[in-house]
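Protein chains in written order, with the working numbering: chain A, 1067 to 1310; chain B, 804 to 1002. No residue lacks a Cβ here, since even glycine has one placed at the ideal position from N, Cα and C. Have a look at the structure below before the remarks.
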Amino acid sequence: MDWRDQGALLSVRRHGENSAIIEVFTEAHGRHAGVVRGGAGRKLAPVLQPGAQLDLAWRARLDEHIGSFTVEPLQSRAAAVMGDRLALAGLNAVTALLGFALPEREAHPALYRATMALLDSLGTTEGWPLVYLRWELGLLEEMGFGLDLGSCAVTGTRDDLVYVSPKSGRAVSRAGAGDWADRLLPLPPCLLGQGPASNDEIAAGLRTTGYFLEKWLAGELLGKPLPAARQRFSDAFARHSGRR
Amino acid sequence: MTEATRDIEALIDLMARLPGLGPRSARRAVLHLIKKRGAVMMPLAKAMQQVAETARECLNCGNIGTSDICDICRSEKRATGEICVVEDVADLWAMERGQVFHGRYHVLGGTLSALDAIGPEELRIPKLVDRVRAEGIAEVILALNATVDGQTTAHYIAEALEGMGVSVTSLAQGVPIGGELDYLDDGTISAALKARKAF
Chain A
1067 MDWRDQGALL SVRRHGENSA IIEVFTEAHG RHAGVVRGGA GRKLAPVLQP GAQLDLAWRA
1127 RLDEHIGSFT VEPLQSRAAA VMGDRLALAG LNAVTALLGF ALPEREAHPA LYRATMALLD
1187 SLGTTEGWPL VYLRWELGLL EEMGFGLDLG SCAVTGTRDD LVYVSPKSGR AVSRAGAGDW
1247 ADRLLPLPPC LLGQGPASND EIAAGLRTTG YFLEKWLAGE LLGKPLPAAR QRFSDAFARH
1307 SGRR
Chain B
804 MTEATRDIEA LIDLMARLPG LGPRSARRAV LHLIKKRGAV MMPLAKAMQQ VAETARECLN
864 CGNIGTSDIC DICRSEKRAT GEICVVEDVA DLWAMERGQV FHGRYHVLGG TLSALDAIGP
924 EELRIPKLVD RVRAEGIAEV ILALNATVDG QTTAHYIAEA LEGMGVSVTS LAQGVPIGGE
984 LDYLDDGTIS AALKARKAF
């Protein structure tokens, strides 16, 4: 059994004295783990930083074995974000959420492409928080918890959609919300694909996606708490937008 | 394993658990110890016994010593108003080998890690904040590893110390002494370029 692909490194765990078990996210093989001989050594450890783009060759005697990777660095993304508190928190949230949510060895090509676009924009383009927010929406969709934001769940209208129902994940219009408005989640225009967005709108969007990640993905599907890195990112973003 | 060699095999098993040693090298080391029983093995056993009884973490900085407060924390000469924050005792020893830092240290005992579920509460960050307040610290030097986890921790600490009137600095990142550009990864080159200075 063997294959060759490219992928982003999600996590590294030391294995024995010199080796490491890594998890990568590839286009054709999804989230995939494997052993890297010498992965904890001086030569490879700097290469194996979360977010790094790697050329991967995986080999195992049987498909169900964990197998071993031979890795070649293609692009280090850590250096671009290390000096930027928010971008580093974003990188940690992306890698933690993918490691948490994706089933092993199941391809998600659309999510892979969205992840590559996000990782490449982290810390290098001004508007990456909006890319991140839309990526979370895509992650929910890919995991089977897509929000239905096309029309109001109460009135059916497509206009003035400003809330999301925490129960159904459907959009609700201002008129349809009535007295229930304070129990609904915010639906900023950027979640409907209408940009550019202010930091306040992105923070509101993160509250909404965070709610569904926590309740649906972590709570109902996986039955464990969301990685702390996601909360740290949304806290860092709230502080960052408060300062501006 | 025979009855006659049981103790020796047990010693080999224990030695093989040490970092850098495998079963074969542990066997070689034990044979050497037995041959040099008087010159090496007995003093080693005595020293190990002694350290096992006396070694402890410094209550102030987390360094390892043989008293509740380590020599560095006790020394008045090292009260320079600077604290160097390191991840591990091994990092502290590496800094001390350089003999260029004359302040005090603070050992965190790890870094924030989503994978290993290590949050701020598991590290000695609250103690660092207390020390900065109590010891009249003017500068905190973050000497953490240039890894994603290391820098995430550095940013967290910088944030925890905000508003305390202390200058927070970090070690430079870039080309190592004796390093050749051709052999450096793109991340290191990009960090070095960002941190370039007037020549």
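How many Å lie between residue i and residue j at the Cα?
i	j	result
residue 1092 of chain A	residue 980 of chain B	36 Å
residue 1070 of chain A	residue 935 of chain B	51 Å
residue 1213 of chain A	residue 922 of chain B	31 Å
residue 1241 of chain A	residue 1295 of chain A	36 Å
residue 1073 of chain B	residue 985 of chain B	Residue 1073 of chain B is absent from the model: chain B starts at 804 and stops at 1002.
residue 826 of chain B	residue 1084 of chain A	16 Å
residue 1210 of chain A	residue 904 of chain B	55 Å
residue 1154 of chain A	residue 1094 of chain A	27 Å
residue 1115 of chain A	residue 1189 of chain A	16 Å
residue 959 of chain B	residue 1099 of chain A	29 Å
residue 855 of chain B	residue 817 of chain B	15 Å
residue 1124 of chain A	residue 1068 of chain A	5 Å
residue 891 of chain B	residue 931 of chain B	14 Å
Thinking residue i and residue j are a contact (beta carbons under 8 Å), I'd like their distance in whole angstroms, please.
i	j	result
residue 1237 of chain A	residue 1216 of chain A	7 Å
residue 1081 of chain A	residue 1113 of chain A	About 16 Å; that fails the 8 Å criterion.
residue 927 of chain B	residue 884 of chain B	Incorrect: roughly 20 Å between the Cβ atoms, too far for contact.
residue 886 of chain B	residue 943 of chain B	5 Å
residue 1075 of chain A	residue 1120 of chain A	6 Å
residue 1274 of chain A	residue 1292 of chain A	Not a contact, Cβ separation roughly 14 Å.
residue 1229 of chain A	residue 1252 of chain A	7 Å
residue 937 of chain B	residue 945 of chain B	That pair is no contact at about 19 Å.
How about residue i: is its C-beta nearer than 8 Å to some C-beta of chain A?
i	result
residue 993 of chain B	yes
residue 902 of chain B	no
residue 943 of chain B	no
residue 981 of chain B	no
residue 950 of chain B	yes
residue 912 of chain B	no
residue 808 of chain B	no
residue 977 of chain B	no
residue 955 of chain B	yes
residue 822 of chain B	yes
residue 891 of chain B	no
residue 894 of chain B	no
residue 985 of chain B	no
By the DSSP assignment, the alpha helix (DSSP H) with residue i in it spans what residues?
i	result
residue 1194 of chain A	1194 to 1208
residue 1186 of chain A	1175 to 1187
residue 934 of chain B	928 to 937
residue 901 of chain B	892 to 901
residue 1228 of chain A	That residue, residue 1228 of chain A, is in no alpha helix (DSSP H); its beta strand (DSSP E) goes 1227 to 1230.
residue 942 of chain B	From DSSP, residue 942 of chain B is part of no alpha helix (DSSP H) but of the beta strand (DSSP E) over 942 to 945.
residue 1077 of chain A	Not the alpha helix (DSSP H): residue 1077 of chain A falls in the beta strand (DSSP E), residues 1068 to 1081.
residue 958 of chain B	951 to 963
Comparing the CB of residue i with every heavy atom of the ligand PLP, is any distance shorter than 7 Å?
i	result
residue 1166 of chain A	Absence of the ligand PLP is noted for the structure shown, with no ligands found whatsoever.
Buried or exposed for residue i, please, with buried defined as at least 16 other CB atoms from any protein chain shown within 10 angstroms of its CB.
i	result
residue 843 of chain B	exposed
residue 1161 of chain A	buried
residue 1117 of chain A	buried
residue 1249 of chain A	exposed
residue 1089 of chain A	buried
residue 1002 of chain B	exposed
residue 846 of chain B	exposed
residue 1128 of chain A	exposed
residue 964 of chain B	buried
residue 1194 of chain A	buried
residue 1201 of chain A	buried
residue 1288 of chain A	exposed
residue 967 of chain B	exposed
residue 1267 of chain A	buried
residue 1156 of chain A	buried
Starting from residue i, trace the beta strand (DSSP E) both ways and give me its first and last residue.
i	result
residue 1282 of chain A	Note, residue 1282 of chain A: premise wrong, no beta strand (DSSP E); not H, not E.
residue 1095 of chain A	Residue 1095 of chain A -> no beta strand (DSSP E), and no H or E assigned at all.
residue 887 of chain B	885 to 889
residue 1131 of chain A	No beta strand (DSSP E) contains residue 1131 of chain A, which DSSP labels as neither H nor E.
residue 1237 of chain A	1237 to 1239
Check whether chain B comes within 8 Å of residue i, counting only Cβ atoms and requiring the distance to be less than that.
i	result
residue 1083 of chain A	yes
residue 1115 of chain A	yes
residue 1157 of chain A	yes
residue 1067 of chain A	no
residue 1300 of chain A	no
residue 1182 of chain A	no
residue 1086 of chain A	no
residue 1127 of chain A	no
residue 1142 of chain A	yes
residue 1209 of chain A	no
residue 1151 of chain A	yes
residue 1146 of chain A	yes
residue 1106 of chain A	no
residue 1185 of chain A	no
I want to see whether chain E comes within less than 8 Å of residue i, judged by CB atoms only; does it?
i	result
residue 966 of chain B	Absent here is chain E; the protein component of the structure consists of chains A and B.
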